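Participant: The structure follows.
Following this line, the structure appears as structure tokens:
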């Protein structure tokens, strides 16, 4: 961490001179070298050790808040004792110093055990001290860490890179990318250097020009330079070690880097598009370097015989090649045939074929888009077994956007939407990948989707709908309707039959309908089910929209699709399927089934209890649970409090509580449960006409927090705050201000005949749900049910409420709006 104001001011000055990232890092590294060397030489010139820069410091890549990695190297441990005085002096400077003391044997041993140590030592650089000792390091240690077990090193680094990409989003096109660890980030450049150093004996970055060629090398260095400058700007703006280009800093970093608003894009959007461009160059370069570094370890035998596919394409070395040099220039429709072969054969393009495809992009014009042959091959790709891989390759080479311009405008499109992690084009491709994977998945919580998709003869219609489901986003909000309009011209070019065209248009127009209803409304409500059934029309459409909804939701961000959302979708799907098939039970049938489960001596009391409770309780509760709830109410009448905890499937638990009709009961419940770390996702309050009350709260992280005795602890705690007046210790954290999304509160008196719907969108914080429910309680508003959605620090909560057993009137609604707005904005 930089504590020296003078040095900080110098860095600001270098940055404001518009120096590139590489130059900035070298300037700061040179400054740090001088500081370290002066301290080393001032303490004791007779230290029998050499000071070596390692890691990022060794490769001259220091950014303002980078760690300064150093190693004291000596022949004997005893010789490093005097170095401690140097270390204390370095710490006094206020910089973050990461240090180690090692002998030659320790370097070799630790490098053999720990991959991070090995890569750090690959970048060792002399700083100060005995140069003869550094020569010993170069002659005895460097060969051991560079050339021993090279094959294992290459394999482990590639596995490590894959895991790193997965943990940081597995995509270049993240809305909040990790500049260092993300795909196409600085760590990929470091990995390229490590791999080429070990596998190809390259000692410096300039050696990459031999591997990449002059043009691609310049592009690679330009991308590296930009990412370093971007990281510098981010450190200066956040005033800490921070490598995530989050929404909070994108605007200020864009200004620092000189991006300005244009007619079409804001400065922030221009920054992110430029970032993706440079990050993609690094991603492409990594592929070439990985291929080159893997070749020495590939078995010598490889079939290089040319196998003819047709007159225009052949296979050579397992890759698709062209048989005619200028094939695409004269016949651009052959580009789509090449991708059809990519899909059908399962083979990749040779580097030469890929470059020729890129070079021929301008030949894809209006005539090509209307070409029956090109359209035929594209539609065959969607019917094949390798759809995602093929569309991904088409997109990366630029063909997909040229062939379908309506999709091309989505390329690297940044749209700030709640919970979304990817650019629009990346989200679309991931949705297609997730749908296609359902064909072969064995994951337990995806079994229902797997069964449905296996029963379908073809899914090309669904894949086409997913490809086009967000094409309206380039026009801004309300993209479903805009996308529906743009879709018509595509359908005409593809010359689809009326049945398929109607299905695609239906799915595009309604692709968020099921998720909107499942997350915001009660699937057990007969009105809701009837409305959704009318929109869907039949069981075939229901299956299609169910699959589309899963694919869309699962591609929002890696954690957005979870067991609770799976449960909500399945609940709506089942109720709607029963409604469409005419098997949904009426009240009489439901009660007959309930009577059959009940003991005769309990029957009169149970039927009185059911008659007292609202209809929505009956149709939203399983028969065996109704009997258990009746027992809960009887127990509460005797003792004043009763609770039952049912930990079911999907990693959730439902807490059912009865404690009479107490004012503020729901608010105190959620306050207590939130204070214990439970993540509340749903709440329902059922009040009978004669005072019986059942509160049901669903939590999604029960298994994460459970311990032996957890149920008893919760039960006693709830009893204390609800019936014994014990104080409720709710911790509220401050309101965050860096969210790119506006806080809003919306009241709707039209959606339901009985309730007012209150929808809240706000940055999440500790105590938020309690604060909201307490405002309702203090103003005489009863929460009937609630849906709590929280992801990536954003809360989107839906409440169905009543005031004096009716919808809120205008005056009460204005009061609630005002008070909710006050607590959401953090005002008092």
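In the numbering used here, the protein residues as written are 115 to 942. Here a beta-carbon is modelled for each residue, glycine too, at the ideal position from N, C-alpha and C. Because the structure is a prediction, the values reported are computed rather than measured.
(1) Which ranges would you report for the alpha helix (DSSP H) in the region 133–180 if only whole runs of at least 4 residues count?
(2) Just to confirm the assignment, what range does the alpha helix (DSSP H) spanning residue 386 have?
(3) Tell me which residues share the same chain as residue 566 and place their Cβ nearer than 6 angstroms to its Cβ, disregarding the 5 neighbours each side in the sequence.
(4) What residue ranges within the region 692–726 form continuous alpha helix (DSSP H) runs of no fewer than 4 residues, ordered along the chain?
(5) Taking the straight line between their C-alpha atoms, what separation do you get for residue 245 and residue 185?
(6) Curious, which full-length alpha helix (DSSP H) runs of at least 4 residues does the region 464–508 contain?
(7) Assuming residue 794 and residue 813 form a contact by the criterion Cβ under 8 angstroms, report the distance between their Cβ atoms to the nearest whole angstrom.
(8) From 661, 326, 578, pick the residue whose C-alpha is nearest to that of residue 568; which is it?
(9) Under the three-state reduction of DSSP, which class applies to residue 856: helix, strand or coil?
(10) When you compare the CB positions of residue 885 and residue 836, do they come within less than 8 angstroms of one another, or not?
(11) To which residues does DSSP link residue 908 through a beta bridge?
(12) Closer than 6 angstroms by C-beta to residue 860: which residues in its own chain qualify, once you throw out the five before and the five after it? Chain order, please.
(13) Check whether the Cβ atoms of residue 1018 and residue 156 sit closer than 8 angstroms, and answer yes or no.
(14) Could you work out which residue in 868, 907, 876 is closest to residue 916 when comparing CA atoms only?
(15) Could you give the DSSP three-state label for residue 670: helix, strand or coil?
(16) Using only alpha-carbon positions, find the residue among 277, 930, 343, 312 that is nearest to residue 131.
(17) Have a look at residue 707 and residue 805 and give me their C-alpha separation to the nearest angstrom.
(18) By the three-class DSSP mapping on this structure, what secondary structure does residue 556 have?
(19) Identify, in the order they occur along the chain, each residue of the same chain with its Cβ nearer than 6 angstroms to the Cβ of residue 911, setting aside the five sequence neighbours on each side.
(20) Which residue or residues does DSSP assign as beta-bridge partners of residue 800?
(21) Counting only the same chain and skipping the five closest in sequence on each side, list residues whose C-beta sits under 7 angstroms from that of residue 518.
(22) Can you tell me where the alpha helix (DSSP H) holding residue 130 begins and where it ends?
(23) Pull the bridge partners of residue 292 from the DSSP assignment, please.
(24) Report the three-state DSSP secondary structure of residue 526 (helix, strand or coil).
(25) With H, G and I counted as helix, E and B as strand and the rest as coil, what does DSSP make of residue 942?
(26) Ends of the alpha helix (DSSP H) at residue 788?
(27) In this structure, does DSSP put residue 536 in helix, strand or coil?
(28) Among the residues of its own chain, which have a CB less than 8 angstroms from the CB of residue 649, if the five just before and after it don't count?
(29) Considering only the beta carbon of each residue, do residue 496 and residue 577 sit closer than 8 angstroms?
(30) Note down the Cα distance separating residue 942 from residue 924, rounded to an integer number of angstroms.
(31) So, with DSSP's three-state summary, where would you put residue 924?
(32) Buried or exposed for residue 515, going by 16 or more other Cβ atoms inside 10 Å?
(33) Find out if the Cβ-Cβ distance for the pair residue 350, residue 129 is shorter than 8 angstroms.
(34) DSSP state of residue 351, grouped into three classes?
(35) Among 771, 439, 546, which residue has its Cα nearest to the Cα of residue 474?
(36) For a test of the three-state rule: what should DSSP assign to residue 932, helix, strand or coil?
Facilitator: Concretely, from the data shown:
(1) 135–157, 169–172
(2) If you number the chain shown from 1, residue 386 lands on position 272. Looking at the DSSP string, the run of the alpha helix (DSSP H) that includes residue 386 is 381–408.
(3) Mapped onto the chain shown, residue 566 falls at position 452. Around residue 566: 657.
(4) 701–711, 717–726
(5) Here residue 245 refers to the residue found at position 131 when the chain shown is read from its first residue. Here residue 185 refers to the residue found at position 71 when the chain shown is read from its first residue. Going by the C-alpha atoms only, they are around 14 angstroms apart.
(6) 465–473, 480–483, 486–497
(7) On the chain shown, position 680 is the one that residue 794 refers to. On the chain shown, position 699 is the one that residue 813 refers to. Their Cβ separation, rounded to whole angstroms, is 6 angstroms, which keeps residue 794 and residue 813 in contact under 8 angstroms.
(8) Working through the chain shown from its first residue, we reach residue 568 at position 454. Comparing Cα-Cα distances from residue 568 to each of 661, 326, 578, the minimum goes to 661.
(9) Residue mapping note: residue 856 aligns to position 742 of the chain shown, counting from 1. Three-state DSSP puts residue 856 in coil, outside helix and strand.
(10) Your numbering for residue 885 matches position 771 in the chain shown. Your numbering for residue 836 matches position 722 in the chain shown. Cβ distance not < 8 angstroms, so residue 885 and residue 836 don't count as in contact.
(11) The count along the chain shown starts at 1 and reaches residue 908 at position 794. Paired residue(s): 877, 905.
(12) Within the chain shown, numbered from 1, the residue matching residue 860 stands at position 746. Once the five neighbours on either side are set aside, the close Cβ partners of residue 860 are 873.
(13) Outside the displayed span of the chain (115 to 942) sits residue 1018, for which this structure offers no information.
(14) In the chain shown, the residue the question calls residue 916 occupies position 802. Nearest option by C-alpha distance: 868.
(15) Numbered from 1 along the chain shown, position 556 holds the residue referred to as residue 670. Here residue 670 sits in coil by DSSP.
(16) For the purposes of this step, residue 131 is taken as residue 17 along the chain shown, with counting starting at 1. Comparing Cα positions, the closest option is 343.
(17) Your numbering for residue 707 matches position 593 in the chain shown. Your numbering for residue 805 matches position 691 in the chain shown. Approximately 25 angstroms between the Cα atoms of the pair.
(18) Along the chain shown, read from residue 1 onward, the residue named residue 556 stands at position 442. Reduced to three states, the DSSP call for residue 556 is coil.
(19) Here residue 911 refers to the residue found at position 797 of the chain shown. Contacts found: 874, 902.
(20) As a working note, residue 800 is residue 686 in the chain shown. Paired residue(s): 808.
(21) Taking the chain shown and counting its residues from 1, the one referred to as residue 518 is at position 404. 604.
(22) As a working mapping, residue 130 is identified with position 16 in the chain shown. First-last of the alpha helix (DSSP H) with residue 130: 119–130.
(23) By one-based count along the chain shown, residue 292 stands at place 178. Bridge partners of residue 292: 358.
(24) Reading the chain shown from its first residue, position 412 is the one you call residue 526. The answer is coil: DSSP assigns residue 526 none of H, G, I, E or B.
(25) As a working note, residue 942 is residue 828 in the chain shown. Because the pLDDT of residue 942 is 42, which lies under 50, any placement of that residue in the model is unreliable, and the number read from its coordinates should be weighed accordingly. In this structure, residue 942 counts as coil in the three-state DSSP scheme.
(26) Start at 1 with the first residue of the chain shown, and residue 788 comes out as number 674. It spans 779–789 - the alpha helix (DSSP H) in which residue 788 sits, taken as one unbroken run.
(27) Along the chain shown, read from residue 1 onward, the residue named residue 536 stands at position 422. In this structure, residue 536 counts as strand in the three-state DSSP scheme.
(28) Counting from one through the chain shown, the residue named residue 649 turns up at place 535. Closer than 8 angstroms at the Cβ level, and outside the excluded window around residue 649, lie 624, 627.
(29) Taking the first residue of the chain shown as 1, we reach residue 496 at position 382. Taking the first residue of the chain shown as 1, we reach residue 577 at position 463. Yes; because the gap between Cβ atoms is below 8 angstroms, this pair is in contact.
(30) Here residue 942 refers to the residue found at position 828 of the chain shown. Here residue 924 refers to the residue found at position 810 of the chain shown. For residue 942, the predicted model reports a pLDDT of 42, less than 50, meaning its position is unreliable and no value from the coordinates is stated.
(31) Here the question's residue 924 lines up with position 810 in the chain shown. Residue 924: helix per DSSP, three-state reduction.
(32) Counting from one through the chain shown, the residue named residue 515 turns up at place 401. Flag for residue 515 reads buried.
(33) Residue numbering aside, residue 350 sits at position 236 when the chain shown is read from its first letter. Residue numbering aside, residue 129 sits at position 15 when the chain shown is read from its first letter. Going by C-beta atoms, residue 350 is nearer than 8 angstroms to residue 129.
(34) Position 237 of the chain shown, counting from 1, holds the residue named residue 351. It is helical.
(35) Along the chain shown, read from residue 1 onward, the residue named residue 474 stands at position 360. Checked all of 771, 439, 546; the closest Cα to residue 474 is 439.
(36) Your numbering for residue 932 matches position 818 in the chain shown. Helix.
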